[in-house]
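Beneath this line is the structure, given in structure tokens, with notes to follow.
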């Protein structure tokens, strides 16, 4: 008997994989990549995919990593089932991943799918009603096995047909991770990075930035990566500024900047790199330089010389800029909905 397991590499999916591997099933793991996994925040090339790879290798099961970014961004802009507390389209996200898992299940000749979901753990997508909606709309009614909560849910087709043993399943529910941690100890699992998982879209500040991109028709991967790499300022309907917070972000912003973007850098003093995108009239160039000056090491000086140039080959200019004080910056953040 063959099954597809959704494997993030976090604690819950690791436990589900371990439990089901002991059922003697042939498992095929699938990991979905989007820009918003918290595991991905500081390791954009690996993220949860590397965690899933580690778990799959330890269990001797095949892993398929699917980049679902393009489809997910479409869902994110107009989720049929709405958003959670912030910009998290949890129900539509699960439907998307389940549909892709069903396609993989059919291609691989598998009979059902497995997830590490826990009843009542996530308020928008892991209660009975939402689980039922997700299964129905993804074409997987009765074919989703959730080993961690199976004893609290109606028997699935695999259980009713005795393809797997319901008695070996668990009855975990709620948001506490203590039962899973205890189970991990019992199963001899001691290494589980990203134990609680998570999504950047549930973060209020980041969600506000994503809403701003959607409202201005600017939701694409370059802008998303910029949002993850600095302070964010909406200067006008057609211009925004992203300012690095540390050396790593400065390097990332310089790398992400494209032809037509503006680069702002302090001269002769330490400070941030900033990227401006959009239509920058002279007044916005000056405001941007003042913002950059605010975050420079000025050694008591009230001004800083900030260079600004437009990529790829603008000679640019240096603007001597007085820094914005905290009150001015707060007003600008309010005005521009910066986060």
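Numbering (the numbering used here), first residue to last: 3 to 341.
We treat Cβ as the ideally placed atom computed from N, Cα and C, and that holds for glycine.
Since the structure is predicted, the reported quantities are computational estimates derived from the model, not experimental observations.
So which of 111, 278, 94 and 148 has the shortest CA-CA distance to residue 136?
-> When only C-alpha atoms are compared, the closest one is 94.
Evaluate the contact criterion for the stretch 97-109 versus the stretch 137-149: three or more CB pairs, one atom per stretch, below 8 Å.
-> The stretch 97-109 makes contact with the stretch 137-149: 3 or more CB pairs, one atom from each, lie closer than 8 Å.
Residue of 6, 62, 33 and 161 minimising C-alpha distance to residue 108 = Closest by alpha carbon: 6.
Identify the continuous alpha helix (DSSP H) that holds residue 115 and give its terminal residues.
-> Note, residue 115: premise wrong, no alpha helix (DSSP H); beta strand (DSSP E) at 114-116.
Thinking C-alpha only, which one of 66, 114 and 20 is nearest residue 188?
-> Nearest C-alpha to residue 188: 20.
Report all residues from its chain with a CB closer than 8 Å to the CB of residue 293; omit the five preceding and five following residues, and keep chain order.
-> Same-chain partners within the cutoff: 235, 243, 245, 276, 326, 331 and 334.
Keeping to the same chain, check which residues put their C-beta closer than 8 Å to that of residue 115; ignore five residues upstream and five downstream.
-> Closer than 8 Å at Cβ, skipping near neighbours: 5, 6, 7, 8, 100, 103, 104, 107, 142, 145, 146 and 147.
Report the option in 91, 190 and 166 whose CA atom is closest to the CA atom of residue 201.
-> Closest option to residue 201, Cα to Cα, is 91.
Would you identify the three-state DSSP class for residue 235, choosing helix, strand or coil?
-> Looking at residue 235 - three-state DSSP - the assignment turns out to be strand.
Coil, strand or helix - residue 244 by DSSP | Three-state DSSP puts residue 244 in a strand.
Entirely within the stretch 111-147 and at least 3 residues each: give me those beta strand (DSSP E) ranges in chain order.
-> Entirely contained in the stretch 111-147, the beta strand (DSSP E) runs reaching 3 residues are, in chain order, 114-116.
Under 8 Å, do residue 297 and residue 274 count as touching if we go by C-beta distance?
-> Judged by their CB atoms, residue 297 and residue 274 are nearer to each other than the 8 Å cut-off.
Within 10 angstroms of its Cβ, does residue 378 collect 16 or more other Cβ (buried), or is it exposed?
-> The chain is shown from 3 up to 341; residue 378 falls before or after that span and cannot be answered.
Kindly identify the DSSP beta-bridge partner or partners of residue 102.
-> DSSP lists no beta-bridge partner residue for residue 102.
Neighbourhood of residue 16 by C-beta distance below 7 Å, restricted to the same chain and skipping five residues each side | So the list reads 57, 191 and 194, once near-sequence residues are dropped.
Alpha helix (DSSP H) runs contained entirely in the stretch 260-328, provided each spans 4 or more residues = Whole alpha helix (DSSP H) segments, 4+ residues: 284-296.
DSSP-derived helix/strand/coil call for residue 92 = Residue 92: helix per DSSP, three-state reduction.
Buried or exposed by the 16-neighbour rule on C-beta atoms within 10 Å, applied to residue 47 | Unreliable positioning characterises residue 47 in this predicted model, as indicated by a pLDDT of 48, which lies under 50. The coordinate reading is nonetheless provided below. It counts as exposed.
Based on Cα-Cα distance, which residue from 30, 271 and 226 lies nearest to residue 258?
-> Measuring from the Cα of residue 258, the nearest candidate turns out to be 226.
Top-ranked residue by Cα proximity to residue 220, from 78, 128, 40 and 248 | Closest by alpha carbon: 78.
How far does the alpha helix (DSSP H) with residue 217 in it reach, from first residue to last?
-> Residue 217 -> alpha helix (DSSP H) spans 206-217.
Burial state of residue 129, where buried means 16 or more other Cβ atoms lie within 10 Å | Result: exposed.
Could you tell me how far apart the beta carbons of residue 31 and residue 63 are, in whole angstroms, since I believe they sit closer than 8 Å?
-> Your pair residue 31 and residue 63 checks out as a contact, with CB atoms roughly 5 Å apart and the cut at 8 Å.
Taking the alpha helix (DSSP H) that residue 74 falls in, what are its first and last residues?
-> Its alpha helix (DSSP H) spans residues 71-79.
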